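As you go down the protein sequences, you meet chains A and B in turn.
With the numbering used here applied, the first sequence covers 28 to 672.
With the numbering used here applied, the second sequence covers 10 to 299.
Note that CB positions come from ideal geometry on N, CA and C, so glycine has one too.
Bear in mind the structure is a predicted one, so any value in this text is a computation, not a measurement.
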Amino acid sequence: MSLNKKIAAVLAIAVAAMLPTFWPNPYYIHLMVVIGIYAILLLGLDIVVGYVGEVSLGHAALFGVGSYAAGVLHAKLAVPFLLAVPASIAITGLFGALLALPALRVSGPYLAMVTLAFGTIIQILINEMDFLTNGPLGLSVRKPVWFGHHISGTDYYYVVLVALIATLFVIQRILKSHLGRAFEALHDSPIASDCMGVSVYGYKVYAFVLSAAIAGLAGALFTYSEEYISPNTYNFELTILFLLAVIMGGRKTRTGPVLGAIIVVMLPNVLSDIDLFREISIGIAVITAVYAVYAFVTRQRTARQLALPLAATIALAVSGFMMENITDHRLTIFGAMILFVVYYLPNGIMGFLRGIIVKFRPQWIHRHTLISEHGDMQHVWAVPDHPVTANGFLLEARNIVMQFGGLKALSEVNLQISKGTVHGLIGPNGSGKSTTMNVLTGIYKPTSGEIDFNGKLITGATPSSIAGEGIARTFQNVQLFGEMTAIENVLVGLHHTYRHNILDVVFHTPRCKREKHAAEVRAASLLRFVGLADLANEEARNLPYGKQRLLEIARALALNPSLLLLDEPAAGLTAPDIKELIAMIEKIRSHGITVILIEHHMDVVMSICDKVTVLDFGQKIAEGTPAEIQSNEKVIGAYLGGSAA
Amino acid sequence: MDVFIQLVVSGIALGMIYALIAFGYQLTFATSGTLNFGQGEALMLGALVGLTLVGHMSYWLMLPLVLVFGALQGVVVERVGVRPAIKTKSEFGWIMTTISLAIIFKNVAENIWGHDDIPFPSPLPTEPLQFFGIRVLPMEIMVVVGALAIMLAVEIFNRKSIYGKAVVATSNDRDAAGLMGINTSMVITFSYALSSMTAAFAGVLVAPLTLTGATMGVSLGLKAFAVAIIGGLNSGLGVIVGGLILGIAETTTGYYLSTGYKDVPGLVLLLLVLSIKPAGIFGKSVIKKV
């Protein structure tokens, strides 16, 4: 965190701490407490919605689980506040895991519906299990008594404020660590993160459980704030309200959820006052009209683009005068706000403000943490996590069949890769080379056959565990984490070198600092090795195509592989670049890393491969030294057509 | 045993309603890869509009009008909620917009028809028929027949007519269909119209058996989604089997356990299927090409 940000944070905390003296009215203090509690939950929800990029409709239910965990512990077992809160964090985390383990096998709309189903089940259970929850009657709870002093509403404000600051701090540390990077990576390119040993499923579950635990904290605090809880609070409407708050405030920021919480808590108050609503809606309509005229005159937008928002805001203002009572239309207004935010404010209010600042003061905004390590040639190489124990063949694939419906992409392919060699894999387009890669790295499960790697059977293992065994790869269609910088891409590859846990991350232990520094030096060194040292802090999507391929090689080497699979590394490279690539592959081999190389540039294949396998229509048609392959009639036939025997 | 058979028979009628809504999910998912999270609300609106119309005309005259209304409602959902999100390729976008349209529809319905559930006059005699001691309501038979008929009609349309072929082509490969001169966004709008139409039809079928009200769609839509997942989002047979499984599971749980728990088995089944075979019992799993 920069000095300016630190000062801003301290100022914000000071202002928040003084608020009760400005607004001593208990009603306002209660509102601020609820804002703080919602903000805590939203910070957690943002991990799932913003970072992992999934829609959860189950967070109101998780909030309810947290509330009821604290409520039941207090009412039935008389557990004190300081024990009930951590307990409900743990219980809600457990419920989160119970949901996440089956649900996160799917994503997108499936996940949204499953979380909604979970929410419905929880609400039914709270209603029906009246021996525990008192059913629809609800539970009564009292605020704690500390040192003979009964905690008042104002005291509780400070309790929530401390919890909010702690949550902000913990989440900030986690998201800035390798864990946060893993969340972003799996959202950016799930396949690449799996192949870098960062299990998409595993880290999604991790993120969800974390988010659930935070919802548990918020829920427990809510119980003590309201002093009465009943099942109907935790309904679908609340879930929608939470999502609205996260996307309206701004995803992937710490300020966004706080802002979102303020908006959704204040909103019902605004909506209960029809006059205020009328004034606001007229204000919005006037601002939109002025902007529309300006945008139309300066030709930034066409009349068509402007017509809908203008009509909608005017309709809003007019409807304000048609309605006598606004609370009945509350949900319609929520719905309209979500539509508005999704279409016109996709990055939320904070994202919008950020966009404006970038326009005028680009140097104020840093989208990425700049990493200034330079790296050197000593730190490029490291011993594999699993030493090579196999004698002779490092990898042996036996009778691999890969069938897509009726099409046999690979039929009975045998492959033996000798330790320490560069093994070429060539063949015409559609011959099954990339399919072989995908089978070897676990992206496809072969229909039959088995693969032995380093003395272990790896058939059917997940891509991330195969990566963990020491097989790294690049992709034919580049699969970089586009929104991350080059060095961050390599750091994802180095994820396996971070052995410290979440507590080390939160407390910045020496071990955490040591491993972080080592990884950064290593990443910079790897970038230097592939010749991208100057572009370390550039976003990967902005690199030219050829450089992106080199970056993929650096990222793959970060895995400390004993086997490296290169899928057409020379595509998009210029002739001098190709020479460097050949030198690079030779260096990789000289450091004991076995290489499988798919390539269409025959000069590359013939100059560095020790052995070459040729595939055609999913079958192995030839194998041998480059010289043998060049004179093989079947191979010539496959490439040029003609009368191959 | 008789009680059990009775429960199964009632479960079948309920299950066919779920199957019909789930069928609507499949229609839009096939063409556009999107789902209308407000499918239950489309059903609710169909039922309530039907209720208003039935005050002025016979049930049978009301049916085609409700179908037209349902189709128009589907067009609105597609134009406002789905099309802009498909353009920006934002999955998050269409999930959120169809949810927000759903809550808007529900809220508007509450303001027009009120918060209370209203009985829907049955067009058929309400006296149950007796078959070997099992009582069946004539309306239950009509639900099964009606649901099967409309699904069959849509299937025949897709297989036999040239417009149906455009729908099938778009389902198989939207980009390729577009290159062959098919107006794919039109096909997607059409699939939404068709999907909401079947939901509205399901609404007027189920309404005489239950009650109508603004909140009737929420749990029906969710459970029908469970059916679509259990059966598989790309299997026509799957939704019927899935619907029957869920319908029967529900009536039996309601009787043997407690009516409060009747929504639970479907949702638990949903979680189970997802953790064992996410593509559904009858669905084909699609291997993502890299």
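Under the three-state DSSP convention, the category residue i falls into
| i | result |
| --- | --- |
| Phe361 of chain A | helix |
| Ile498 of chain A | strand |
| Ala672 of chain A | With a pLDDT of only 44 at Ala672 of chain A, under the threshold of 50, the placement of this residue in the model should not be trusted; the figure read from the coordinates follows. Of the three classes helix, strand and coil, the one that applies to Ala672 of chain A here is coil, per DSSP. |
| Glu149 of chain B | helix |
| Gln430 of chain A | strand |
| Gln503 of chain A | coil |
| Leu237 of chain A | helix |
| Phe38 of chain B | helix |
| Gln48 of chain B | helix |
| Ala288 of chain B | coil |
| Glu254 of chain A | coil |
| Gln139 of chain B | strand |
| Ile205 of chain A | With the sequence shown as reference, residue 205 of chain A is identified as His, and Ile is not the correct amino acid for it. Note: His205 of chain A maps to helix in three-state DSSP. |
| Leu128 of chain A | helix |
| Glu259 of chain B | helix |
| Gly451 of chain A | strand |
| Lys614 of chain A | helix |
In DSSP terms, what residue i is bridged to
| i | result |
| --- | --- |
| Trp173 of chain A | A:His176 |
| Asp300 of chain A | According to DSSP, which records beta bridges pairwise, Asp300 of chain A is partnered with nothing at all. |
| Pro128 of chain B | B:Leu220 |
| Asp594 of chain A | A:Ile625 |
| Asp479 of chain A | A:Glu423 and A:Leu484 |
| Glu650 of chain A | A:Thr640 |
| Ser445 of chain A | A:Phe420 |
| Ser167 of chain A | A:Tyr255 |
| Arg144 of chain B | B:Gln139 |
| Thr512 of chain A | A:Glu566 |
| Lys435 of chain A | A:Gln430 |
| Val440 of chain A | A:Ile427 |
Between the CA atoms of residue j and residue i - distance to the nearest angstrom
| i | j | result |
| --- | --- | --- |
| Lys98 of chain B | Leu271 of chain A | 20 Å |
| Ser284 of chain B | Leu89 of chain A | 20 Å |
| Gln199 of chain A | Ile311 of chain A | 34 Å |
| Phe379 of chain A | Val548 of chain A | 35 Å |
| Leu159 of chain A | Leu54 of chain B | 38 Å |
| Gly599 of chain A | Gln503 of chain A | 11 Å |
| Gly497 of chain A | Ile635 of chain A | 22 Å |
| Thr282 of chain A | Ala139 of chain A | 25 Å |
| Ala671 of chain A | Glu660 of chain A | Bear in mind that the predicted position of Ala671 of chain A carries a pLDDT of just 45, short of 50, making it too unreliable to give a figure here. |
| Phe129 of chain B | Thr135 of chain B | 12 Å |
| His665 of chain A | Ile470 of chain A | First, the residue type needs correcting, since residue 665 of chain A is Ala and not His in the sequence shown. Answer to the nearest angstrom: the Cα atoms are 27 Å apart. |
| Gly280 of chain A | Ala39 of chain A | It is worth fixing the name first, because residue 280 of chain A is Thr in this sequence and not Gly. Taking the straight line from one Cα to the other gives about 16 Å. |
| Leu72 of chain B | Gly212 of chain B | 11 Å |
| Leu280 of chain B | Val77 of chain B | 35 Å |
Option in the options with minimal Cα separation from residue i
| i | options | result |
| --- | --- | --- |
| Ser204 of chain A | A:Glu423, A:Pro53 and A:Asn528 | A:Asn528 |
| Val227 of chain A | A:Ala342, A:Leu206, A:Ser308 and A:Gly162 | A:Leu206 |
| Leu442 of chain A | A:Val641, A:Ile64 and A:Asp182 | A:Val641 |
| Ala417 of chain A | A:Gly447, A:Ile289 and A:Glu542 | A:Gly447 |
| Glu253 of chain A | A:His544, A:Leu294 and A:Lys170 | A:Lys170 |
| Asp531 of chain A | A:His523, A:Phe387 and A:Arg541 | A:Arg541 |
| Ala94 of chain B | B:Ile113, B:Asn45 and B:Pro137 | B:Asn45 |
| Leu133 of chain B | B:His124, B:Ile150, B:Trp122 and B:Ile21 | B:Ile150 |
| Ile178 of chain A | A:Tyr251, A:Ala551 and A:Gly668 | A:Tyr251 |
(request) Check each residue of the region 93-106 of chain B: if its Cβ is closer than 7 Å to any Cβ of chain A, include it; give the result in chain order. (result) Pro93, Glu100, Phe101, Gly102, Ile104, Met105 and Thr106
(request) Could you name the residues of the region 60-90 of chain B whose beta carbon sits closer than 9 Å to any beta carbon of chain A, in the order they occur along the chain? (result) Val89 and Gly90
(request) Taking only beta carbons into account, state which residues of the region 354-388 of chain A come closer than 9 Å to chain B, listed in chain order. (result) Asp355, His356, Arg357, Leu358, Thr359, Ile360, Phe361, Gly362, Ala363, Met364, Ile365, Leu366, Val368, Val369, Tyr370 and Pro373
(request) Residues of the region 325-357 of chain A with a CB closer than 8 Å to any CB of chain B: list them in chain order, please. (result) Asp355, His356 and Arg357
(request) Mind checking the region 231-246 of chain B against chain A and listing, in chain order, the residues whose C-beta falls within less than 8 Å of any C-beta there? (result) Leu231, Phe234, Ala235 and Ile238
(request) Mind checking the region 119-151 of chain B against chain A and listing, in chain order, the residues whose C-beta falls within less than 7 Å of any C-beta there? (result) Asn120
(message) Which residues of the region 257-274 of chain B have a Cβ closer than 8 Å to any Cβ of chain A? Give them in chain order.
(response) Within the region 257-274 of chain B, the residues whose Cβ lies closer than 8 Å to any Cβ of chain A are, in chain order, Ser267, Gly269, Tyr270, Asp272 and Val273.
(request) Check distances from the C-beta atoms of the region 491-523 of chain A to those of chain B and list, in chain order, the residues that come in under 9 Å. (result) Phe502, Gln503, Asn504 and Gln506
(request) Below 8 Å between beta carbons is the criterion; list the residues of the region 134-149 of chain A that meet it against any residue of chain B, in chain order. (result) Gly135, Pro136, Tyr137, Ala139, Met140, Val141, Leu143, Ala144, Phe145, Thr147 and Ile148
(request) Determine which residues of the region 248-280 of chain A have a Cβ less than 8 Å from any Cβ of chain B, and write them out in chain order. (result) Phe263, Glu264, Ile267, Leu270 and Ile274
(request) Compile a chain-ordered list of the residues in the region 67-99 of chain A whose CB is closer than 9 Å to at least one CB of chain B. (result) Residues of the region 67-99 of chain A whose Cβ lies closer than 9 Å to any Cβ of chain B, in chain order: Val76, Gly80, Glu81, Val82 and Leu84.
(message) Under 7 Å, CB to CB, which of the residues in the region 149-172 of chain A have a partner in chain D?
(response) In the structure shown, chain D cannot be found, because the protein chains are A and B.
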